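Since the structure comes first, as structure tokens, the remarks are kept for the end.
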Amino acid sequence: MSKLLVKADKGHGRVAHVTPKGAGWTYVGFDLYRLRPGESASGKTEDREVCLVFVTGKGTAQAGGKHLGLLGGRMSPFDGKPWSVYVPERADWSVTADTDLELAVCSAPGLGGGLPVRVIGPDDLGQEVRGKGTNTRYVTNILPEGKPADSLLVVEVITPGGHTSSYPPHKHDQDNLPAESYLEETYYHRLNPPQGFAFQRVYTDADKDGHRALDEAMAIEDGDVVLVPRGYHPCAACHGYDLYYLNVMAGPKRTWKFHNAPEHEWLMKA
2 MSKLLVKADK
12 GHGRVAHVTP
22 KGAGWTYVGF
32 DLYRLRPGES
42 ASGKTEDREV
52 CLVFVTGKGT
62 AQAGGKHLGL
72 LGGRMSPFDG
82 KPWSVYVPER
92 ADWSVTADTD
102 LELAVCSAPG
112 LGGGLPVRVI
122 GPDDLGQEVR
132 GKGTNTRYVT
142 NILPEGKPAD
152 SLLVVEVITP
162 GGHTSSYPPH
172 KHDQDNLPAE
182 SYLEETYYHR
192 LNPPQGFAFQ
202 RVYTDADKDG
212 HRALDEAMAI
222 EDGDVVLVPR
232 GYHPCAACHG
242 YDLYYLNVMA
252 GPKRTWKFHN
262 APEHEWLMKA
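Each residue of the sequence shown is one higher than the one before, counting from 2 in the numbering used here.
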């Protein structure tokens with residue numbers, strides 16, 4: 002199995018755990034909790050900031066000493082916009098499930114921005130359609146660069162069955178602004194219906210001899226996490242199975258500037 006593919010555990014509790022040290026990078030962390038009613042997840046942000054995303058279900062949240070009430074609502078990631086909570090560094094947080102709950106904990110370094118805890122409701126979220134034809138996908142911006150945070154960028158994408166996404170292939174692995182920004186990235190994948198599968202390739206440019214330093218092609222199943230330390234990272238959803246993914250990105254500068262694979266850039270003009 003690819004070292005870039007993290008299989009979520011079955012059962013309940015913390016079922017996926019990605020740390021910068023474990024991933025071999027610097028910025029992005031990602032945890033996934035699957036909770037039954039009455040079960041709780043909690044943490045301390047320490048020197049990092051966190052975005053709690055209610056992927057499915059409802060729960061009562063507290064953060065930074067504030068009671069935030071009952072949040073969440075959708076019972077499928079394919080049904081409407083999510084609820085989220087931004088938690089700055091040096092704060093505690095906890096969520097107790099009211100229904101079956103899937104909670105994503107997205108983290109990155111705090112930079113002393115002094116931002117407050119805030120609830121990000123569905124009405125606060127912008128949505129957009131990207132691509133055309135069988136490259137059409139639907140994007141919900143949870144924590145885009147135009148909204149306050151120190152390092153985190155968080156977005157959801159739904160790709161219909163038979164469509165491609167993160168395509169034409171693009172990368173963001175060079176700290177070379179304004180042309181390109183360095184951003185590590187995780188993809189948390191769900192499928193509808195859940196017994197389906199999709200594909201993701203993570204690869205770098207070929208050298209003069211045609212060799213690639215990184216070239217991994219993965220079959221994605223419901224609940225998988227893919228690490229993107231560098232390189233291009235397109236996805237393909239198989240016919241009959243819609244693909245959801247939650248992206249977490251962070252790097253030395255909080256901006257998303259990507260570079261398209263030159264051999265496929267003609268697709269942008271076709």
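All C-beta atoms, glycine included, are put in the ideal place defined by N, C-alpha and C.
Here the structure is a predicted model, which is why all the values come from computation and not from measurement.
ask   = Which value, in whole angstroms, describes the spacing of the CA atoms of T97 and H265?
value = Numbered from 1 along the sequence shown, position 96 holds the residue referred to as residue 97. Numbered from 1 along the sequence shown, position 264 holds the residue referred to as residue 265. Their Cα atoms are separated by approximately 46 Å.
request  = Inspect the beta-carbon positions of G232 and K172 and report whether they are closer than 7 Å.
outcome  = By one-based count along the sequence shown, residue 232 stands at place 231. By one-based count along the sequence shown, residue 172 stands at place 171. Going by C-beta atoms, G232 is nearer than 7 Å to K172.
DSSP three-state assignment for T46, whether helix, strand or coil = Along the sequence shown, read from residue 1 onward, the residue named residue 46 stands at position 45. T46 falls in the coil class under three-state DSSP.
ask   = Are there three or more Cβ pairs, one per stretch, closer than 8 Å when the region 229 to 245 is compared with the region 82 to 100?
value = no
request  = With a floor of 3 residues, list each beta strand (DSSP E) that falls wholly inside the region 129 to 163, ordered by position along the chain.
outcome  = 138 to 144 and 154 to 160
query = Does the distance from the CB of Y202 to the CB of A218 come in under 7 Å?
reply = On the sequence shown, position 201 is the one that residue 202 refers to. On the sequence shown, position 217 is the one that residue 218 refers to. One point to set straight first is that residue 202 is Arg, not Tyr, in the sequence displayed. A contact, by the Cβ cut-off of 7 Å.
inquiry  = Tell me the DSSP secondary structure of E276 in three-state form.
reply    = Beyond the ends of the chain as shown, which are 2 and 271, falls residue 276; an answer cannot be given.
inquiry  = Among L154, L69, G30 and L102, whose alpha-carbon lies nearest the alpha-carbon of P145?
reply    = On the sequence shown, position 144 is the one that residue 145 refers to. Looking at the Cα atoms, L154 is the closest of the given residues.
key: L112 beta carbon less than 7 Å from that of V86   = Residue numbering aside, residue 86 sits at position 85 when the sequence shown is read from its first letter. Residue numbering aside, residue 112 sits at position 111 when the sequence shown is read from its first letter. Not in contact: V86 and L112 (Cβ atoms no closer than 7 Å).
message = Closest to A24 by C-alpha separation, out of D32, A92 and L228, would be which residue?
response = Here residue 24 corresponds to residue number 23 of the sequence shown, with the count starting at 1. Checking every option, the nearest Cα to that of A24 belongs to L228.
ask   = Are at least three pairs of beta-carbons, each pair with one atom in the region 11 to 18 and one in the region 56 to 66, less than 8 Å apart?
value = no
ask   = If you draw a straight line from the alpha carbon of P89 to that of D176, how long is it in whole angstroms?
value = On the sequence shown, position 88 is the one that residue 89 refers to. On the sequence shown, position 175 is the one that residue 176 refers to. If I take the Cα positions, the gap works out to 25 Å.
task = Pick helix, strand or coil for K22, following the three-state DSSP scheme.
result = Taking the sequence shown and counting its residues from 1, the one referred to as residue 22 is at position 21. K22 falls in the helix class under three-state DSSP.
inquiry  = What would DSSP say about E40, mapped onto helix, strand or coil?
reply    = In the sequence shown, the residue the question calls residue 40 occupies position 39. E40: coil per DSSP, three-state reduction.
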